[in-house]
Each structure stands twice: as structure tokens, then as C-alpha cells.
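Student: Counting the sequence shown from 1 gives a position; this note's numbering is that position plus 861.
My questions will all concern the structure given below.
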Amino acid sequence: MLREQVHKLQDAIDSNKKFARAYIFLAKAYLDLNENYEEAIDLAKKGLKLNPEAESAPLGHYILADIYGRLGRQEDYNSELQKGRALEQKIKGSKTD
Numbered sequence: 862m863l864r865e866q867v868h869k870l871q872d873a874i875d876s877n878k879k880f881a882r883a884y885i886f887l888a889k890a891y892l893d894l895n896e897n898y899e900e901a902i903d904l905a906k907k908g909l910k911l912n913p914e915a916e917s918a919p920l921g922h923y924i925l926a927d928i929y930g931r932l933g934r935q936e937d938y939n940s941e942l943q944k945g946r947a948l949e950q951k952i953k954g955s956k957t958d
């Protein structure tokens with residue numbers, strides 16, 4: 862099932878290179894499969910670059926934090942975790958305005 866999601870997300874990206882959420886969800890799929898960490902990092906970063914304040918952006922930072930944690934990159938882990946939390950609070954705050 863997860864492999865099927867990977868293919869669907871890759872197709873979505875092939876159809877629309879600016880579909881930021883698809884990049885982030887594909888990075889999450891690779892994380893869940895415990896493979897392609899470097900590609901997952903690139904995908905999450907691309908999704909964040911395309912739409913840095915999207916509702917899915919905190920997830921992108923959390924995915925990066927998780928991967929960096931698994932790779933023993935503690936400083937990067939802490940940085941991405943902090944970015945994800947800050948952005949999540951910003952998004953929540955803007956919804957109550």
C-alpha cells in the first residue's frame with residue numbers, strides 16, 4: 862500500500878512540479894519505508910521551498926527532524942523541530958484571526 866502511495870505521489874509530482882504537498886508526503890512515505898533518506902531530505906526541502914508557509918510545511922520540518930535524528934544529526938534535528946513548532950504556531954494563530 863505504501864509503495865502504491867509512492868507511485869501516486871511521484872505521478873502527482875510529474876504532473877505538477879509545483880505541488881509542494883506531494884513532495885512533503887513523498888518524503889514522509891520514504892521515511893515510513895525507512896529508505897531513501899537523502900532523497901526524502903531533498904523532497905521535503907523542495908516542498909518547503911515551493912510553499913514555505915503551507916499548512917503541510919510544519920510536517921516537512923518534522924519529517925526533516927525525524928530523518929536527521931535517525932542519521933544522528935542532532936543540530937539539524939533540533940533546528941528543524943524548532944522551525945516546525947514555530948511555523949505550526951504561526952499557522953494556528955493566523956486561523957484564529
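Virtual Cβ for every residue (Gly too), placed ideally from N, Cα, C.
Secondary structure at residue 890, three-state DSSP: helix, strand or coil?
Tutor: Taking the first residue of the sequence shown as position 1, residue 890 is located at position 29. Residue 890 falls in the helix class under three-state DSSP.
Student: For residue 922, count neighbouring Cβ atoms within 10 angstroms of its own Cβ and tell me buried if that reaches 16, exposed if not.
Tutor: Translated into positions along the sequence shown, residue 922 becomes position 61. Classification of residue 922: buried, given that the 10 Å Cβ count is 16 or more.
Student: When you compare only the Cα positions, how much space is there between residue 888 and residue 935?
Tutor: The residue given as residue 888 occupies position 27 in the sequence shown. The residue given as residue 935 occupies position 74 in the sequence shown. Whole-angstrom Cα-Cα distance: 19 Å.
Student: Buried or exposed: where does residue 875 fall if 16 or more other Cβ atoms within 10 Å of its Cβ makes it buried?
Tutor: Counting from one through the sequence shown, the residue named residue 875 turns up at place 14. Exposed.
Student: Considering only the alpha carbon of each residue, which of 901, 907 and 893 lies closest to residue 878?
Tutor: Taking the first residue of the sequence shown as 1, we reach residue 878 at position 17. Here the closest residue by C-alpha is 907.
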